[in-house]
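Here's the structure, in structure tokens; my notes come after.
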Amino acid sequence: MGSWLHHSPAIQLDFCMAIIYGVFSASNLITPSVVAIVGPQLSMFASGLFYSMYIAVFIQPFPWSFYTASVFIGIAAAVLWTAQGNCLTINSDEHTIGRNSGIFWALLQSSLFFGNLYIYFAWQGKTQISESDRRTVFIALTVISLVGTVLFFLIRKPDSENVLGEDESSDDQDLEVNESAQNNMTKAVDAFKKSLKLCVTKEMLLLSITTAYTGLELTFFSGVYGTCIGAVNKFGTEEKSLIGLSGIFIGIGEILGGSLFGLLSKNNRFGRNPVVLLGILVHFTAFYLIFLNMPADAPIAPVEGTDSSAYIKSSKEVAVFCSFLLGLGDSCFNTQLLSILGFLYSEDSAPAFAVFKFVQSICAAVAFFYSNYLLLHWQLLVMVIFGFFGTVSFFTVEWEAAATVARGSDYGSI
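Residues 6 to 419 in the numbering used here are what the sequence shown spells out, letter by letter.
This is the structure we're talking about:
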């Protein structure tokens with residue numbers, strides 16, 4: 006086994022990511038139907054089990070189990086994201102959706118910080134990872150994943166109206182059981198139709214540009230930028246450990262942004278636009294510094310790395326600072342996208358979040374593809390263009406939402 010995974014790990018993992026994102030993208034079309042039938046809580050639990058299975062595969066991986074698990078995790082990821090968005094929305098109102106989105110994002114991204122922190126210190130100075138070290142890490146991660154999956158059952162269910170009443174006769178209850186299969190099929194079809202209808206609404210089309218940008222920059226900070234850092238030979242013997250340090254600072258930026266915007270959302274009188282504006286300014290700053298600090302051929306450098314020069318002397322400190330900026334900017338966009346989707350589509354949150362993840366995953370997959378061929382400055386230019394138009398489109402939707410809410414409630418509390 007060890008020889009299989011270590012023979013060409015980059016190729017194996019790239020193929021694995023291609024499978025995951027391909028299945029993930031396609032599965033988002035049916036996930037609203039799944040959530041509509043089984044509910045968000047059970048959907049999250051089932052998805053968590055598949056996540057645990059995927060992690061467990063790395064304890065003793067084989068080609069067939071590796072790629073099979075990649076297919077299942079693609080489906081599970083689509084279901085999990087749709088169910089999480091639905092759960093977040095039904096447990097929030099217009100006064101708490103901003104706060105809850107920030108808290109959710111900070112907790113979600115905390116894995117970036119703690120995971121990379123452990124790897125940085127536990128594997129510091131190691132040029133090769135032993136079988137024992139790998140198994141220890143993935144056994145621990147599998148157990149943590151299973152515990153977290155079980156905790157899904159502790160999520161509260163929102164208070165709801167007693168639709169049929171609890172004093173139904175036994176005949177009414179028998180009738181409900183007999184019609185349950187038909188009702189489930191109706192729910193599934195309705196959820197699928199809603200997803201298709203949402204795709205062509207003005208608001209969703211505009212937000213799709215913003216979502217597309219988050220998919221492109223997700224691929225960049227989660228895959229491309231770490232590759233760039235590890236490829237710069239001028240960083241010396243620390244180039245590989247810097248990848249872990251980069252992940253830590255991306256996590257710090259994500260957690261800080263999610264926590265800050267979650268806590269301040271109640272007192273924000275200006276809506277979501279200032280946060281998104283901050284996000285794009287932070288990202289443009291990061292892109293400019295990366296452009297100056299990294300060699301242009303870093304993303305496509307061979308395994309031996311690159312000795313090419315950047316526009317300035319490549320600095321480890323600047324590289325890590327850019328990691329922080331990438332994480333902070335990403336949290337700006339994602340927290341506000343989650344917030345506005347939960348607000349605009351409170352009645353159809355599952356289809357809305359499915360469309361959101363569909364667009365994001367498609368663009369992330371496209372970015373994974375071109376990242377192996379385009380020089381760094383071209384990849385940065387693509388993100389700058391999409392970032393600019395994504396910000397403008399988000400502003401447009403937010404202004405329209407603000408005008409609508411101003412007629413009926415206090416927009417500053419959203």
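Quick reminder that beta carbons are idealized off the backbone N, C-alpha and C, glycines included.
Host alpha helix (DSSP H) of Tyr378 (start-end): By one-based count along the sequence shown, residue 378 stands at place 373. Element bounds for Tyr378: n/a, residue is neither H nor E.
Compare the beta carbon distance of Leu223 and Pro304 with 8 angstroms and say whether it is the shorter of the two. Locating residue 223 in the sequence shown gives position 218, counting from the first residue. Locating residue 304 in the sequence shown gives position 299, counting from the first residue. Contact flag unset, no.
Counting C-beta neighbours from all protein chains within 10 Å, is the total for Arg277 16 or more, i.e. buried, or is it exposed? Along the sequence shown, read from residue 1 onward, the residue named residue 277 stands at position 272. Counting Cβ neighbours within 10 Å, Arg277 comes out buried, since at least 16 surround it.
My output table needs one value for Thr87: the three-state DSSP class, helix, strand or coil. Taking the first residue of the sequence shown as position 1, residue 87 is located at position 82. It is helical.
Taking the alpha-carbon positions, what's the Lys318 to Ala193 distance? Along the sequence shown, read from residue 1 onward, the residue named residue 318 stands at position 313. Along the sequence shown, read from residue 1 onward, the residue named residue 193 stands at position 188. Cα to Cα, the separation comes out at about 57 angstroms.
Alpha-carbon to alpha-carbon, Ser313 and Ile24: Taking the first residue of the sequence shown as position 1, residue 24 is located at position 19. Taking the first residue of the sequence shown as position 1, residue 313 is located at position 308. Their backbone Cα atoms lie some 33 angstroms apart in a straight line.
Measure from the alpha carbon of Ile78 to the alpha carbon of each residue in Tyr230, Leu113, Ser32 and Ser116, then state which is nearest. As a first step, residue 78 is located in the sequence shown; it is residue number 73 there, counting from the start. Checking every option, the nearest Cα to that of Ile78 belongs to Ser32.
Pair within 8 angstroms by beta-carbon distance, Thr215 and Leu349: Indexing the sequence shown from 1 puts residue 215 at position 210. Indexing the sequence shown from 1 puts residue 349 at position 344. The Cβ atoms of Thr215 and Leu349 do not sit closer than 8 angstroms to each other.
What's the C-alpha gap between Val389 and Leu333? Taking the sequence shown and counting its residues from 1, the one referred to as residue 389 is at position 384. Taking the sequence shown and counting its residues from 1, the one referred to as residue 333 is at position 328. In a straight line, the C-alpha of Val389 is about 16 angstroms away from that of Leu333.
Can you grab the Cα-Cα spacing for the pair Ala145 / Leu156, in whole Å? Locating residue 145 in the sequence shown gives position 140, where the first residue counts as 1. Locating residue 156 in the sequence shown gives position 151, where the first residue counts as 1. The alpha-carbon atoms of Ala145 and Leu156 are separated by roughly 17 angstroms.
Which same chain residues end up closer than 6 angstroms to Asp172 when comparing Cβ atoms and leaving out the 5 residues on each side of it in sequence? For the purposes of this step, residue 172 is identified with residue 167 of the sequence shown, where counting begins at 1. Residue placement at Asp172 is flagged as unreliable, the pLDDT there being 42, under the threshold of 50; the coordinate-derived value follows with that caveat. Cβ within range, chain order: n/a, list empty.
When you compare only the Cα positions, how much space is there between Leu330 and Tyr123? Reading the sequence shown from its first residue, position 325 is the one you call residue 330. Reading the sequence shown from its first residue, position 118 is the one you call residue 123. About 21 angstroms.
Helix, strand or coil for Thr311, going by three-state DSSP, please let me know. For this step, residue 311 is matched to residue 306 along the sequence shown. In this structure, Thr311 counts as strand in the three-state DSSP scheme.
Can you give the Cα-Cα distance for Val364 and Pro300, rounded to whole angstroms? Along the sequence shown, one-based indexing puts residue 364 at 359. Along the sequence shown, one-based indexing puts residue 300 at 295. Going by the C-alpha atoms only, they are around 30 angstroms apart.
Coil, strand or helix - Val237 by DSSP: Walking along the sequence shown from the start, residue 237 turns up at place 232. If DSSP states are grouped into helix, strand and coil, Val237 belongs with the strands.
Can you tell me the Cβ-Cβ gap for Leu117 and Ile255, rounded? I've got them flagged as a contact below 8 angstroms. As a first step, residue 117 must be located in the sequence shown, where it is residue number 112. As a first step, residue 255 must be located in the sequence shown, where it is residue number 250. Right, the Cβ-Cβ distance comes to about 6 angstroms (below 8 angstroms), so this counts as a contact.
Count the other C-beta atoms from every protein chain shown that fall within 10 angstroms of the C-beta of Val237, then say buried if there are 16 or more, exposed otherwise. On the sequence shown, residue 237 is found 232 positions in, with the first residue counted as 1. Buried, by the Cβ-count rule.
If you run the structure through DSSP and keep just helix, strand and coil, what is Ala205? Position 200 of the sequence shown, counted from the start, is the residue given in the question as residue 205. The amino acid at residue 205 is misidentified as Ala; the sequence shows Val. Coil.
In or out: Pro356 buried (at least 16 other Cβ within 10 Å) or exposed? As a working mapping, residue 356 is identified with position 351 in the sequence shown. Looking at its Cβ environment, which holds 16 or more other Cβ atoms inside 10 Å, Pro356 is buried.
Can you tell me the Cα-Cα spacing of Phe399 and Leu346, whole angstroms? As a working mapping, residue 399 is identified with position 394 in the sequence shown. As a working mapping, residue 346 is identified with position 341 in the sequence shown. So the alpha carbons of these two residues sit roughly 11 angstroms apart.
Chain-order list of residues whose beta-carbon lies under 8 angstroms from that of Cys327 (same chain, five-residue window excluded): As a first step, residue 327 is located in the sequence shown; it is residue number 322 there, counting from the start. So the qualifying residues of the chain are Tyr230, Ala291, Leu294, Ile295 and Asn298.
Does the distance from the C-beta atom of Phe393 to that of Asn91 stay below 8 angstroms? Residue mapping note: residue 393 aligns to position 388 of the sequence shown, counting from 1. Residue mapping note: residue 91 aligns to position 86 of the sequence shown, counting from 1. Cβ distance not < 8 angstroms, so Phe393 and Asn91 don't count as in contact.
Expressed to the nearest angstrom, what Euclidean distance is found between the alpha-carbon atoms of Ala408 and Met209? Within the sequence shown, numbered from 1, the residue matching residue 408 stands at position 403. Within the sequence shown, numbered from 1, the residue matching residue 209 stands at position 204. Rounded to whole angstroms, Ala408 to Met209 spans 17 angstroms at the Cα level.
Go ahead and pull the three-state DSSP assignment for Gly276. Indexing the sequence shown from 1 puts residue 276 at position 271. Judged by DSSP in its simplified three-state form, Gly276 adopts coil rather than helix or strand.
Span separating the alpha-carbon of Gly252 from that of Lys321: Locating residue 252 in the sequence shown gives position 247, counting from the first residue. Locating residue 321 in the sequence shown gives position 316, counting from the first residue. So the two alpha carbons sit approximately 14 angstroms from each other.
When you compare the CB positions of Phe71 and Cys21, do they come within less than 8 angstroms of one another, or not? As a working mapping, residue 71 is identified with position 66 in the sequence shown. As a working mapping, residue 21 is identified with position 16 in the sequence shown. Yes, the Cβ-Cβ distance between Phe71 and Cys21 is below 8 angstroms.
Taking the alpha-carbon positions, what's the His100 to Leu282 distance? Start at 1 with the first residue of the sequence shown, and residue 100 comes out as number 95. Start at 1 with the first residue of the sequence shown, and residue 282 comes out as number 277. His100 and Leu282: Cα-Cα distance of roughly 22 angstroms.
Gly235 to Phe391 span [Cα, whole Å]: Within the sequence shown, the letter at position 230 stands for residue 235. Within the sequence shown, the letter at position 386 stands for residue 391. Each residue's Cα considered, the two are about 26 angstroms apart.
Could you give the DSSP three-state label for Phe67: helix, strand or coil? The residue given as residue 67 occupies position 62 in the sequence shown. Residue state, collapsed to three classes: coil.
Candidates Thr94, Ser246, Pro66 and Gly103, of which the one nearest Gly267 by Cα: Locating residue 267 in the sequence shown gives position 262, where the first residue counts as 1. Among Thr94, Ser246, Pro66 and Gly103, the Cα nearest to that of Gly267 is on Gly103.
Check whether Trp86 and Lys362 have beta carbons under 8 angstroms apart: Numbered from its first residue, the sequence shown carries residue 86 at position 81. Numbered from its first residue, the sequence shown carries residue 362 at position 357. In contact: Trp86 and Lys362 (Cβ atoms closer than 8 angstroms).
Check each candidate in Ser48, Ser351, Phe143 and Phe55 and name the one with the smallest Cα separation from Gln89. Within the sequence shown, residue 89 is the residue found at index 84, counting from 1. In terms of CA proximity to Gln89, Ser48 leads the group Ser48, Ser351, Phe143 and Phe55.
Work out the CA separation of Phe67 and Ala61 for me, nearest whole Å. Stepping through the sequence shown from its first residue, residue 61 is reached at position 56. Stepping through the sequence shown from its first residue, residue 67 is reached at position 62. Approximately 12 angstroms between the Cα atoms of the pair.
Span of the alpha helix (DSSP H) around Ile124: As a working note, residue 124 is residue 119 in the sequence shown. Ile102 to Ala127 is the span of the alpha helix (DSSP H), which, as asked, contains Ile124.
Take Thr147 as the anchor and find which of Glu259, Phe55, Gly263 and Gly310 has the nearest alpha-carbon. Here residue 147 refers to the residue found at position 142 of the sequence shown. Checking every option, the nearest Cα to that of Thr147 belongs to Phe55.
Tell me, to the nearest whole angstrom, how far the beta carbon of Gln114 is from that of Gly263; I am working on the premise that it is less than 8 angstroms. Position 109 of the sequence shown, counted from the start, is the residue given in the question as residue 114. Position 258 of the sequence shown, counted from the start, is the residue given in the question as residue 263. Right, the Cβ-Cβ distance comes to about 6 angstroms (below 8 angstroms), so this counts as a contact.
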